[in-house]
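Structure record follows, encoded as structure tokens.
Numbering (full-length UniProt numbering), first residue to last: 1 to 1259.
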């Protein structure tokens, strides 16, 4: 490589300044010919660059270097992205390929880039913490060594062996001292399980038993031996042994001898510790991090015990040169002229002894009268020393009476360099000196003769040097993000608290069948609930929703307790009872509960008490799990930076051929581009997946690429809902690894899926995978004709575990094997809130963490799955459904004062989950800080959108109005992208979605278009009602009506119908009549029945539809779609809420829009409720594959949007305007069918009939 100072690399982001010739461990070619350079980044920050040649002219060498670079990059990235890595390791700032010059580059970051080995050999005397002058200096050194030990432990936790622990691999900033020690030199590091492509090199820290033998053995123990030798080199003057020892074994013997004879230099505790670390016998060595860390802490503690005070404590010497005109002029202006009684024309004379003495005395008095203050200055090697009037620049001092080159400048004494101003100094990096502690001496005098005792005994300035906290601003931003995550999780406590209802029993009976039955009504609760958190409809509508919630395994169950148990803590079993919700009377605000009477086993229910859902205990456990994960979040600074400011950590490792060819027949260009971007970009990628674009297909093929490149990689795949996880599981199994031999298949487990009693194990559950693994092992072992003794032992163990698996209780072997399977899985699938994930992530970290449905998660949902990984892929769509109760969270954030007060007043500290630290912090903030935090939190509530935007703008290459990137660009890889081709919906539906919600960026694949002869299955086969043939969108138009009248909605405040909000019986009738009139083209007979799903934005309408589905006569060739219920049981069919159906699809989607009222004209849009929300309507309209049927009043929706123009895209209802305008134009062109609703036989039901229908359904 022909590199020189001033060369710009990686598109000029780094400018080379100086080549670093670091002392190598041994092999000059160990890094594949890499060079180390100091370089300046775009903002003047210094970095260490490691550069390999990568020339197209020499492909063999380039391929070898690329392999070495990739291997080191994977290892280094895994270590450096771990929590706390920046405090102990030299971390990876960026990695990339410079094709213009032909280089592979890694940019490494640390406090400084001086090699410890060089400082030990050449500059030891310059560092008081390496001179071993006193216990204080050694205490600082041991603290620095403790940081290196922490770094080694971090590596070992990530299954990484350093294998080169030595002073040659440690870097520092000489001006910052031992605190700046960082472990680098990762060129020899290996990940356990991946193997090492190269023999290991012998160095100072190589254990003697591995030297010279035919086999190399390495492991964590070898790293700790190297740490012991490193500590000995820092504490004892033994660097000369490297040149004076004929062999490495001889050098090791000399080191042991030096340690044993160091009684005058070290305490017995220090010496014994070193001997334990580097003992000759490996069995005698200390190799557990916990023991090593505890011993260092003990040493630091004992060295830190204050010795008897002496007169030289806090005595510091400052040298001043009377010939320094800057200093003398400043002193004269500050009062020295008056002290010397000089006239206006007389000048200071540095050769005049009286003048020089007066100068030192004046400066000394100025610094000592109130006590001087010493400030660090950012990006400078000098400090500012401030007295009463003087502001002095000071630096290190070198004894002028020692020959040139024989003494280095040190902080043993300080020297005045000049004067300055405090600009650029750090207010949070200041050190105060006691009055009278600084002695100022004339540098021109022979001080060795006049002040020998003072020079010998004065304290070193190094102990008082303040350190600039370069990361303070960044840390403040990350702390703000952590505070946001903390408070939103705390708000969840208030949501749950609002679901504690006071009740009273108005009737109590016991039936002949032995059931106890009570009728309850809501009482006013003693503790007030914040108005914006109150449950809509109060107790009765809460019970109705609980009864109808099919996604919960304990739906319809509630727990009753006495009034005294009005808290979120789980009530004792003896003071609570569980009841079934059997009837809800909304009109009379009462509900009926039953339980089977089992006499003595039943807790008597009080007449007045507190009601909560049966699932609340699990919800509180989830909040607790999240809180524990959030409490760990501040240590994950790399993750926090990746989320809050991904541009700081962006790495583009260059374009490479995918390990597995990406088949264009299975993956469109958009998917192929995104996959290649994800593989080359670190550490985070945000992917927007609009409807029908095949997110799960893309993920499945991405996993294939990752595991083919790195077979030992471990990947966590999560989503908020079980259904999304199941879809991903199936896609990976059925598509990405189809045809791959069994022994090459990745080990995959599905956490959190429990089989129902009597059923077989769920596919992918840990026990199912354990069973298959044992069956395969037994089968292969039995096929071996000549089994070894070990194989026979393993066969016997496998058979024992097979028997344990079938037994009611596990035996001795199975629990450990279960854990081994979970910890060893390549692919782990679970929900973001899975309880098992918390335990697993404490034992294991994943190479990748992939979060599906990220658009629906809150920040606190990401805390656990993202902490478990090192690279992060978030997949979602900010233009579909937002996170759960997002508007309630927004209300809470806007009223944080009241929220904090409510949290602080929760009984029992909110089940002991109250974050008192956040409460304290909020109360300490001033009004401006609180307002700033509220604005910040508002932006982050839609967490995926914010992360996506951050990633999109990270490289500065995309403006706010620029199109979303959909794959590789000429400028390189992106950190965010969008899948831009939809394959699921008929092209008319796809175009409508694209134009109304994706700015026309979503395109239709050929298979969705009517002209496609290959796949005409996206055209529906219906020929009736008249005009439906060939049309993918139908609108069933109901009359515009006042609420509660004719086709109007029920449940509106002014509608006069006492039912839960909202129901529209007329729309249900019109929809059923339309369905009954559907007729399939006879020529299409024999094909698989089409799936029909009915959707509505309102759960009450869904319940009404579902209860009346039996009255709808389906035409031949059509069936209702089904979805499995969580926890087993009969699958649900027919009708679903939009929220529960996101991520799913059906051949035919019929949408009951429900809202139909005559709200005042000045309230246009408000009569639509949350149908105003663009994301919700986007999901409603985009679930259909072949036929989309909309049921509602065309005139009502037109009226809501009549004042909006098509060029007003910032208006909330613009998307409705676009949809209606497009459908109207298409109707004129014959592409959309609008039919009047068939209400000829419709008889409006009475409220009693609706409620009676509901009650019969419940029973």
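C-beta: ideal position from N, C-alpha, C; glycine also.
- Message: Determine whether the beta carbon atoms of residue 289 and residue 149 lie at a separation below 8 Å.
- Response: yes
- residue 521 lies in the alpha helix (DSSP H); which residues open and close that run? Element bounds for residue 521: not the alpha helix (DSSP H) but the beta strand (DSSP E), 515-522.
- beta strand (DSSP E) containing residue 503: first to last residue? 501-510
- Query: For the candidate residues 790, 250 and 973, whose alpha-carbon lies nearest to that of residue 651?
  - Reply: 973
- Query: Quick one: Cα of residue 791 to Cα of residue 742, how far?
  - Reply: Spanning the two alpha carbons is a distance of roughly 20 Å.
- Cut-off 8 Å between Cβ atoms - residues of its own chain near residue 1062, not counting five sequence neighbours on either side: 1049, 1050, 1051, 1052, 1098, 1100, 1101, 1154, 1155 and 1169
- Task: Throw me the rounded Cβ distance for the residue 874 and residue 944 pair, which I believe falls under 8 Å.
- Result: 6 Å
- Pairwise C-alpha distance: residue 982 and residue 672: 14 Å
- Message: Am I right that residue 105 and residue 10 are in contact with their C-beta atoms under 8 Å? What's the rounded C-beta distance?
- Response: Contact flag correct, Cβ pair sits at about 6 Å.
- Query: Which residues bound the alpha helix (DSSP H) around residue 864?
  - Reply: Counting along the chain, the alpha helix (DSSP H) containing residue 864 begins and ends at 859-867.
- Task: Pick out whichever of 980, 784, 827 and 783 has its Cα sitting closest to the Cα of residue 877.
- Result: 980
- Do residue 152 and residue 223 have their CB atoms nearer than 8 Å? Yes, these two residues count as a Cβ contact at 8 Å.
- Message: Out of 1231, 1197 and 817, which one is the CA nearest neighbour of residue 1187?
- Response: 1231
- Ignore the nearest five residues each way along the sequence and tell me which others in residue 570's own chain have a CB closer than 6 Å to its CB. 617
- Query: Residues bridged to residue 50 by DSSP?
  - Reply: 36 and 106
- Message: On the DSSP letters alone, give me the boundaries of the beta strand (DSSP E) that residue 316 sits inside.
- Response: 316-320
- To the nearest angstrom, report how far apart residue 1020 and residue 1084 are at their CA atoms. 10 Å
- In whole angstroms, what separates the C-alpha of residue 505 from that of residue 909? 29 Å
- Query: What is the DSSP secondary structure of residue 801, reduced to helix, strand or coil?
  - Reply: Residue 801 falls in the helix class under three-state DSSP.
- Message: What ranges does the beta strand (DSSP E) occupy inside the stretch 641-688, keeping only unbroken runs of at least 3 residues that lie completely in it?
- Response: 684-688
- Item | Inter-residue spacing [alpha-carbon to alpha-carbon] between residue 952 and residue 976 | 5 Å
- What's the call for residue 1203, buried or exposed, on a 16-neighbour Cβ count within 10 Å? exposed
- Query: From 752, 1023, 281 and 763, pick the residue whose C-alpha is nearest to that of residue 720; which is it?
  - Reply: 752
- Item | Close-in-space but distant-in-sequence residues of the same chain around residue 145 (CB under 6 Å, 5 per side omitted) | 231
- In three-state DSSP terms, what is residue 1126? Because residue 1126 carries a pLDDT of 47, less than 50, the predicted location of this residue cannot be relied on, and no value is offered for it.
- Message: One question on the structure: do residue 593 and residue 559 come within less than 8 Å of each other, judged by their Cβ atoms?
- Response: no
- Message: Going by the DSSP bridge assignment, what does residue 630 pair with across the sheet?
- Response: DSSP lists no partner for residue 630.
- Task: Can you have a look at residue 889 and say buried or exposed, based on whether 16 or more other CB atoms are within 10 angstroms of its CB?
- Result: Around the CB of residue 889, 16 or more other CB atoms lie within 10 Å, so the residue is classed as buried.
- What does residue 830 pair with, by DSSP beta-bridge criteria? 718
- Just tell me which of 517, 500, 511 and 510 has its CA closest to the CA of residue 528. 500
- Quick one: is residue 249 buried, meaning 16 or more other Cβ sit within 10 Å of its Cβ, or exposed? exposed
- Task: Would you mind sorting residue 433 into buried or exposed? The rule is 16 or more other CB atoms within 10 Å of its CB.
- Result: Result: buried.
- At what residues does the alpha helix (DSSP H) containing residue 1093 begin and finish? No alpha helix (DSSP H) contains residue 1093, which is instead part of the beta strand (DSSP E) from 1090-1096.
- Are residue 457 and residue 627 touching if we call contact CB-CB under 8 Å? Not closer than 8 Å, so no.
- Message: Comparing C-alpha positions only, which one of 639, 863 and 1078 sits nearest to residue 648?
- Response: Here the closest residue by C-alpha is 639.
- Message: For residue 961, count the other beta carbons within 10 Å of its own beta carbon; 16 or more makes it buried, fewer makes it exposed. Which is it?
- Response: Note that residue 961 has pLDDT 45, beneath the 50 cutoff, so the model's placement of it is unreliable and no number is given.
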